[in-house]
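Below is one structure; the comments refer to it alone.
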Amino acid sequence: MEDFPQGMVLTVSGIRDTTGLVKMKAAWAMCFGAAEAVTTPDRPVVCWRMFDDGFSGVNENRTGHVPDSVVTTGISLLKGPEKILARGPDAQPTEGEREIWNQISAVLQDSESILTDLQAYKGAGPEIRDAIQNPNDIQLQEKAWNAVCPLVVRLKRFYEFSIRLETALQSLLESLTCPPYTPTQHLEREQALAKEFAEILHFTLRFDELKMRNPAIQNDFSYYRRTISRNRINNMHLDIENEVNNEMANRMSLFYAEATPMLKTLSNATMHFVSENKTLPIENTTDCLSTMTSVCKVMLETPEYRSRFTSEETLMFCMRVMVGVIILYDHVHPVGAFCKTSKIDMKGCIKVLKEQAPDSVEGLLNALRFTTKHLNDESTSKQIRAMLQ
């Protein structure tokens with residue numbers, strides 16, 4: 000390894016497996032964005048140059064060898080000024096990316112308003128309680144119903160956004176895995192799409208954290224369904240049924256019954272994509288996801304890198320992306336993320352989460368508990384299961 004002048008350039012020498020470098024750069028691009036490749040006319044250089052919008056790198060062949068573990072985890076690669084640990088500005092799409100980027104951007108631009116609306120969701124608990132305790136009081140029944148109906152419309156909006164997100168993810172996965180490039184090469188070439196992938200994961204974990212802390216959502220919707228059923232028995236039709244019909248209500252009920260509904264949606268979408276594209280090697284996707292997990296874990300567990308986070312939100316971004324890619328890996332990989340042969344250090348990832356303030360990571364730990372596929376497999380060690388108790 001060579002140092003870089005003034006903390007701006009890191010030159011990695013002796014790497015024989017260029018695929019590992021591509022994966023590392025692709026993983027970083029997914030999370031933080033990157034710049035164009037750096038090279039010289041007479042000699043290509045493995046050089047990740049830190050800019051405000053990330054870094055970039057290409058191959059160098061020299062005498063010597065750097066262990067695969069260095070390439071895989073990125074421990075010796077993640078050096079530089081504070082900028083390297085901060086989220087860079089949005090990467091700009093190339094012409095080849097623009098169509099899909101626009102499609103996904105149109106979805107993501109509504110994500111903050113969805114989160115704001117969900118965070119402000121207070122529910123109709125008092126009105127519902129009064130109505131249940133006084134079943135013969137028509138005025139209280141109407142008050143509860145009038146309080147619940149607009150909330151159900153909001154819940155419908157959240158659910159419909161999950162459908163849009165699912166469609167966007169399908170398009171994104173198709174773009175990042177289609178031949179002739181591997182997914183990691185796609186992530187290097189299509190950095191704007193890589194950044195959007197990370198933003199989708201970030202939103203998804205934030206949504207589910209808020210949902211899990213708000214029992215009013217399921218209480219309100221359960222009351223709504225009971226009232227609709229009772230009125231249907233009495234041959235009554237309510238105006239709101241024109242907007243939230245029985246079929247829609249059934250789908251919404253299944254969605255909100257999940258502990259982490261958005262992650263479940265993403266996991267199902269990823270599984271569907273893999274099953275529908277059997278000619279694409281699964282390893283291309285899982286290797287990229289495991290590398291991304293390693294990068295996030297190293298930044299979180301290493302004091303030198305951890306100290307450079309400038310805000311709590313940057314820290315949470317890194318943790319959410321790490322958990323998100325673990326869950327996707329666990330659903331896509333045949334034996335999952337928890338077995339001994341997994342390329343993800345699950346003990347290390349869980350440990351680094353548990354070292355944070357409990358209130359900030361409980362939702363992420365619950366996502367690992369309830370949204371992963373292989374946690375309860377026999378191949379999962381007792382120690383890992385105990386860590387998630």
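All letters in the sequence shown, in the order written, are residues 0 to 388 by numbering that gives the first Met the number 0.
For every residue, glycine included, the Cβ atom is placed at its ideal position computed from N, Cα and C.
It should be emphasised that the depicted structure is a prediction, and the values quoted were computed from it without experimental measurement.
Check	Outcome
Residues near D41 by beta carbon distance below 6 Å, same chain, minus five either side	With a pLDDT of 37 at D41, under the threshold of 50, the modelled position of that residue is not reliable, and the figure given next carries that caveat. There are no such residues.
Cβ shell of L107 (< 6 Å), same chain only, five flanking positions each side left out	E198
Short Cβ contact (8 Å threshold) for H332 with T285	yes
Proximity of M247 and K155 at Cβ, strictly below 8 Å	yes
Nearest candidate by alpha-carbon position, reference A256, set S266, F272 and F220	F220
Residues of its chain near H271, where Cβ-Cβ distance is below 8 Å and the 5 sequence neighbours each way are ignored	Q169
For I326 and T371, the rounded distance between their alpha carbons	5 Å
Under 8 Å between C-beta atoms of S112 and P260	no
Buried/exposed call for A130, threshold 16 Cβ in 10 Å	buried
Presumed contact (8 Å Cβ cut-off) between V334 and L367, rounded CB distance	17 Å between Cβ atoms; not a contact.
Between the CA atoms of A191 and Y101 - distance to the nearest angstrom	Residue identity check: residue 101 is Asn in the sequence provided, not Tyr. For N101 and A191, the distance between alpha carbons rounds to 10 Å.
Residue closest to L150, alpha-carbon to alpha-carbon, out of G124, E165 and L175	G124
Unbroken stretches of the alpha helix (DSSP H), 4 residues or longer, contained in the region 282-343	302-305 and 311-331
Same chain, Cβ closer than 8 Å to I216, five either side skipped, listed in chain order	Y120, G122, L154, K210 and Y255
Local conformation of T203 per DSSP, three classes	helix
Assigned secondary structure, N245 (DSSP; H/G/I helix, E/B strand, else coil)	helix
Whether V351 touches E300 by CB criterion (8 Å)	yes
Which listed residue (N375, E165 and E354) has its alpha carbon closest to that of F202	E165
Sequence-distant residues of the same chain with beta carbon closer than 6 Å to Y158, five excluded per side	M251 and F254
Beta carbon of E173 nearer than 8 Å to that of E96	no
Under the three-state DSSP convention, the category Q388 falls into	coil
Expected contact under 8 Å - CB spacing of K381 and G347 to nearest Å	K381 to G347, Cβ: 17 Å. No contact.
Reduced DSSP secondary structure (H/G/I, E/B, other) of K155	helix
Among E303, L374 and I239, nearest to C338 - alpha-carbon criterion	L374
R368, DSSP secondary structure in three states	helix
Distance, N218 Cα to G73 Cα	With a pLDDT of only 32 at G73, under 50, the local geometry of the prediction cannot be trusted, and no value is derived from it.
Host alpha helix (DSSP H) of D129 (start-end)	G124 to Q132
Rounded distance between the beta-carbons of M298 and L363, thought under 8 Å	15 Å between Cβ atoms; not a contact.
Member of L262, K342 and I227 whose CA lies at the smallest distance from the CA of E282	K342
Y223 beta carbon less than 8 Å from that of V147	yes
CA-to-CA distance, C177 to E94, given in whole angstroms	17 Å
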